[in-house]
Structures are given as structure tokens and as C-alpha cells.
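Under this note's numbering, residue 208 is the last one in the sequence shown; the count climbs by one each step, no gaps. Using N, Cα and C, we set each Cβ at its ideal position, and we do this for glycine too.
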Amino acid sequence: MVAQYPAGRLSDVVTAPSATTHRPLCLADHDADAARAPRWAKLSAPLSGVLTMELDGAQPGLQLTTEGVLLAALGRAIAKTIGEGAVSVTVDGAGVLTLTCALALSPAQRLGAIRYSLVTACTHPTDTAAPRRADAHFAQGARGAVDRPPRGVPLSLRAYRDSGRLQLDWWYDVDRFESSTVEELAEQFPLALIELTSETVALV
Numbered sequence: 005m006v007a008q009y010p011a012g013r014l015s016d017v018v019t020a021p022s023a024t025t026h027r028p029l030c031l032a033d034h035d036a037d038a039a040r041a042p043r044w045a046k047l048s049a050p051l052s053g054v055l056t057m058e059l060d061g062a063q064p065g066l067q068l069t070t071e072g073v074l075l076a077a078l079g080r081a082i083a084k085t086i087g088e089g090a091v092s093v094t095v096d097g098a099g100v101l102t103l104t105c106a107l108a109l110s111p112a113q114r115l116g117a118i119r120y121s122l123v124t125a126c127t128h129p130t131d132t133a134a135p136r137r138a139d140a141h142f143a144q145g146a147r148g149a150v151d152r153p154p155r156g157v158p159l160s161l162r163a164y165r166d167s168g169r170l171q172l173d174w175w176y177d178v179d180r181f182e183s184s185t186v187e188e189l190a191e192q193f194p195l196a197l198i199e200l201t202s203e204t205v206a207l208v
């Protein structure tokens with residue numbers, strides 16, 4: 005669920021993203037006919053119990069929900085694995101957000117950019133009459149809440165709790181992504197998350 009920040013005090017909780025313009029990033033390894041049905045595969049990569057506890061403990065200091073911190077980590081993982089640029093992500097409950105994937109951004113800058121995107125989504129919802137095409141999808145919720153990602157995106161990250169740990173399911177279209185790319189994303193993700201949760205030390 006997206007954090008509900010007070011509209012009248014956005015400057016207190018939001019850091020606007022860098023003025024540097026990032027070009028759209030081609031996320032998938034291969035092109036494919038948009039009219040064809042995707043062929044989904046799933047890679048499950050649960051966080052360790054220790055990292056799950058670190059994530060939960062860091063949220064108050066980072067001024068973000070689990071959803072926001074995971075999105076910031078996703079941007080870093082994409083930058084390390086695929087490259088730098090802007091990626092549009094459909095977030096359940098928030099609409100389509102622009103995720104800045106840049107290695108030069110510090111943890112604080114990545115978190116600030118996500119705060120800005122989430123608050124903007126809350127105060128200026130996406131126009132459903134003219135939806136933006138997304139490169140990826142993100143959802144957080146109960147296990148098995150949705151069997152398959154929404155059609156039209158080649159990559160979907162699902163986060164949910166299972167036995168006290170945060171489970172991450174990476175769904176991908178096998179005609180668009182090599183399995184090695186998704187495996188590398190899953191490996192880079194917890195490393196990016198450690199960087200972000202460590203940022204709470206600097207904020208204290």
C-alpha cells in the first residue's frame with residue numbers, strides 16, 4: 005500500500021529527483037510481438053530472515069513503506085544488471101511511476117526520488133483514460149493473490165510475507181528475457197537493499 009503523505013507538507017518528506025534527464029531504458033533482452041500471449045516463468049528469491057528484519061526496522065527512519073524501499077532497490081538492481089536510464093513501472097494501487105535507474109545516485113537520492121514519485125502518484129493519479137505503457141510491474145500483497153502478471157509487461161516483481169520472511173517472486177516473459185538476466189537481477193536486489201537499509205545509520 006502506498007504511504008499517504010500530507011499533501012500540505014510535501015517538502016518535509018519529499019526530495020525531488022535530480023534534474024538530470026535519463027533516457028528510457030530498454031529493459032528486456034529481446035523484442036517480441038506485442039499481440040502475442042507472453043510465456044511466463046517464475047524465479048523465487050526470498051530475503052533472508054536477517055535482511056527482512058533490517059528492512060522492517062529501517063522503514064521509520066527512511067520515511068517509506070516496504071513498497072517504497074523495494075522500488076528503490078529495484079532501480080539500483082536494474083542499473084547494475086541491465087544499464088542506466090528511466091523505466092516505467094506499474095505499481096498496484098499507485099499507477100505508473102518512473103523509476104530512475106542510475107549508479108551515480110546515492111542511497112539518499114534514490115530514496116528521495118521514490119518518495120517524490122509515490123507522493124506525486126497519490127496527489128496526481130494516473131489518467132486511466134490514457135494509461136502509460138509500462139516496462140515492468142510491481143505488487144505487494146498476500147501470497148497467491150494474483151496468479152499471473154498483467155498483460156503488456158515483460159517483467160513483474162511480487163513481494164509478500166511467508167513464514168516471517170519477505171518472499172520475492174520474479175515473473176518474466178521467457179521470449180523477452182534470458183533467465184540469466186533475471187537471475188542477476190535477483191542477486192543484485194538484496195545487495196541494493198542492504199545499501200538502502202544502511203542509509204538509516206546516516207540519517208540518525
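Quick one: what does DSSP say residue i is sitting in, helix, strand or coil?
i	result
P153	coil
G89	strand
Q113	helix
G79	helix
L159	strand
L200	helix
A133	For A133, the pLDDT reaches just 42, beneath the cut-off of 50, and the residue's location in the model is therefore unreliable, leaving the point undetermined.
What residues match up with residue i in a beta bridge as DSSP calls it?
i	result
A39	In DSSP, A39 forms no bridge with anything.
Y164	Q171
Q192	DSSP output for Q192 lists no bridge partner at all.
H34	None; H34 has no bridge partner.
H141	T94, S160
T102	S92
D177	W44
For the putative contact between residue i and residue j, defined by C-beta atoms under 8 Å, what is the C-beta separation to the nearest angstrom?
i	j	result
T185	D33	6 Å
L170	L51	5 Å
S92	A62	With 8 Å as the limit, S92 and A62 do not qualify as a contact, their Cβ atoms being about 26 Å apart.
L236	F181	Given a span of 5 to 208 for the chain in the structure shown, any question on residue 236 remains unanswerable.
E58	Q144	E58 to Q144, Cβ: 17 Å. No contact.
L47	A190	6 Å
R162	W175	7 Å
G79	R114	6 Å
K26	G116	Looking at the sequence shown, residue 26 is not Lys but His. That belief does not hold up - the Cβ atoms of H26 and G116 are roughly 15 Å apart, past 8 Å.
Where does residue i land, buried or exposed, given buried means 16+ other C-beta within 10 angstroms?
i	result
P195	The sequence given here places Leu at residue 195; Pro does not occur at that position. Classification of L195: exposed, given that the 10 Å Cβ count is below 16.
A45	exposed
R152	exposed
L197	buried
R43	exposed
S183	exposed
L107	exposed
D173	buried
Q8	Because the pLDDT at Q8 is just 40, under 50, the model does not fix this residue reliably, and the value given afterwards should be weighed accordingly. Burial call: exposed.
P111	buried
L200	buried
D177	buried
V73	buried
R119	buried
R98	A small correction: the amino acid at residue 98 is Ala; Arg does not occupy that position in the sequence shown. Burial call: buried.
A41	exposed
S121	buried
A77	buried
L68	buried
V157	buried
Counting only beta-carbon separations shorter than 7 Å, does residue i have a partner in chain C?
i	result
S52	No chain C appears in the structure shown, which is made up of a single protein chain.
message: Just to confirm the assignment: which complete beta strand (DSSP E) runs, minimum length 3, are found wholly within the region 42 to 76?
response: Runs of the beta strand (DSSP E) lying entirely within the region 42 to 76, each at least 3 residues long, are 44 to 48 in chain order.
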